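First comes the structure, then the notes that go with it.
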Amino acid sequence: MTDYIPVDCGLHSEYELAIMHQDKLELGWRDADGKVHIEMVFPLDLRTRNSEEFMVIAGADGTELEIRLDHITHFSRP
16 MTDYIPVDCG
26 LHSEYELAIM
36 HQDKLELGWR
46 DADGKVHIEM
56 VFPLDLRTRN
66 SEEFMVIAGA
76 DGTELEIRLD
86 HITHFSRP
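Taking my numbering, I'd label the letters of the sequence shown as residues 16 to 93.
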């Protein structure tokens, strides 16, 4: 069982468009420890695992990270 809360379909579509257009995003999210991050990132892909959805990003240093969609608190295109 998971505590994942599905995101709105419109928001999911916005994430897909950002990936397709290779847009750089300002992204805010909470990590597993509850720490808040706000970074400029490149969205690479969306993945589903165990009924949870994730955005795969590349950070400014090129490191790839998976962020659970319901942990994203903010996103915008600069």
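Heads up, the beta-carbon is just placed ideally off N, CA and C, and yes, glycines get one too. Here the structure is a predicted model, which is why all the values come from computation and not from measurement.
How far does the alpha helix (DSSP H) with residue i in it reach, from first residue to last?
| i | result |
| --- | --- |
| S28 | C24 to M35 |
Just curious, the beta strand (DSSP E) that residue i is in, first and last residue?
| i | result |
| --- | --- |
| T88 | I87 to S91 |
| V80 | Strictly speaking, residue 80 in this sequence is Leu, with Val absent from that position. E79 to R83 is the extent of the beta strand (DSSP E) around L80. |
Using the rule of at least 16 other Cβ atoms within 10 Å of the residue's Cβ for burial, across every protein chain shown, is residue i buried or exposed?
| i | result |
| --- | --- |
| L32 | exposed |
| R92 | exposed |
Under 8 Å, do residue i and residue j count as touching if we go by C-beta distance?
| i | j | result |
| --- | --- | --- |
| L61 | Y30 | yes |
| E67 | M55 | no |
Among the options, which one has its Cα closest to the Cα of residue i?
| i | options | result |
| --- | --- | --- |
| E81 | T88, H89 and M70 | M70 |
| I72 | R64, Q37, G25 and Y19 | Q37 |
| H89 | T63, D76, A75 and I53 | I53 |
Exercise. Of all the beta strand (DSSP E) runs that stay within the bounds of the region 35 to 69, which reach a length of 3 or more residues?
Worked result: 40 to 45 and 51 to 64
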